[in-house]
Every structure is written in structure tokens, then in C-alpha cells.
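Just below is one structure, and these are the notes that go with it.
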Amino acid sequence: MSGYTIKNIHDIVQTAAMSHPSVKSFGSGERHAISPDGGTKAVNVWLEQPFYVTTNMPRPGSLTRTWRIQLLVLDIALEDRSDELDIISRCDMIGLWIVLQLNTIENITIGSSMNALSLTQYHGDLWAGVRLEFEIVAPMPISACDVNNL
156 MSGYTIKNIH
166 DIVQTAAMSH
176 PSVKSFGSGE
186 RHAISPDGGT
196 KAVNVWLEQP
206 FYVTTNMPRP
216 GSLTRTWRIQ
226 LLVLDIALED
236 RSDELDIISR
246 CDMIGLWIVL
256 QLNTIENITI
266 GSSMNALSLT
276 QYHGDLWAGV
286 RLEFEIVAPM
296 PISACDVNNL
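The opening residue of the sequence shown carries number 156 in the working numbering; numbering runs sequentially from there.
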């Protein structure tokens, strides 16, 4: 078994997100890069970076890595914001669905809790949705650190 890299985790989250029928686009990077003018398609999933990664070594030769993930699930609200609560609720369910999909991947465990923060009038009053925070934990074999294998 090889270990997961930051790129692997990014790609795994992207694949899970894009497999939901309501998700129209996926992006990653710093939050300010989300298009404030609607150029990003709704429903948009955004994987925030930088990644926070913790490596644990409970005993010699046994490593695990924990990625703290910040995932935004956003949609464009009507101009009068009358659908904002519906969007937040739908985005929360889409986000939960994505996390549950991630939890089915071999050698990946989702941390014991997930936090959701509702977002209203986000990024120039255009977006509404949720920001999810959760952890992905995976084993990291010592041989996985051989850069030639990446």
C-alpha cells in the first residue's frame, strides 16, 4: 500500500464531489479565489487550501496522517435572497453526501465529527451555502515517503 499525498487527497475529494448530480463545478485554493461575479458555476464545491496535515507516529514504523479539510458547498441565491435558507439546507445535505462518499474509500477514515457553518450573503452577496470542516485519516507506510514513487 502506498500512502496518500496532498494531491491524492485533493483528487479524491474532487472525484467524490463531482459524483453528486447537483454539483456543477469544483475548485480549490484560497477562498478569495472564488468568483464573486458568478463566473463559477453553481452548485460549486470549493476545497480550501492551504491544507493542514498532521503526521502521528504512535509507535516506530506506524504512521498515520490526518488532513483537516475545509470544504465549501455554495449556490447562487436569488437577488431578493428569498431562497437562501433552501440553498443552505440543500448545500448542507450535498456536503454530508460528499463526506459519506469519502468514508467508503479503502484505507480512509473520516474523523468522528464534522462541523458545518452556514453562509449567507457570502462573497459579495452572491453565494449562500455551508462551510464544512472534517478530518480525513489514512495510514502512511514508511515506504510511501520515497519521492521516486510519487
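Ideal Cβ positions, reconstructed from N, Cα and C, are used throughout, including at glycine. Here the structure is a predicted model, which is why all the values come from computation and not from measurement.
Annotation: M295 to S267 spans about 19 Å, alpha carbon to alpha carbon.
Annotated as distal: W282 and L233, with beta-carbon spacing of 8 Å or more. In this structure I265 is not in contact with E288, their Cβ atoms being roughly 12 Å apart against a cut-off of 8 Å. DSSP places D235 outside both helix and strand once states are collapsed to three, so it counts as coil. For V168, the enclosing alpha helix (DSSP H) begins and ends at I161 to M173. In the structure shown, I265 falls within a strand segment according to DSSP collapsed to helix, strand and coil. Here the alpha carbons of M212 and K179 stand approximately 39 Å from one another. Non-local C-beta neighbours of Q169 in its own chain, meaning closer than 6 Å and more than five positions away in sequence, comprise F181, ordered along the chain. Between the beta-carbon of I224 and that of I167 there is about 10 Å, and that puts the pair past the 8 Å contact cut. In the DSSP assignment, D230 is bridged to A283.
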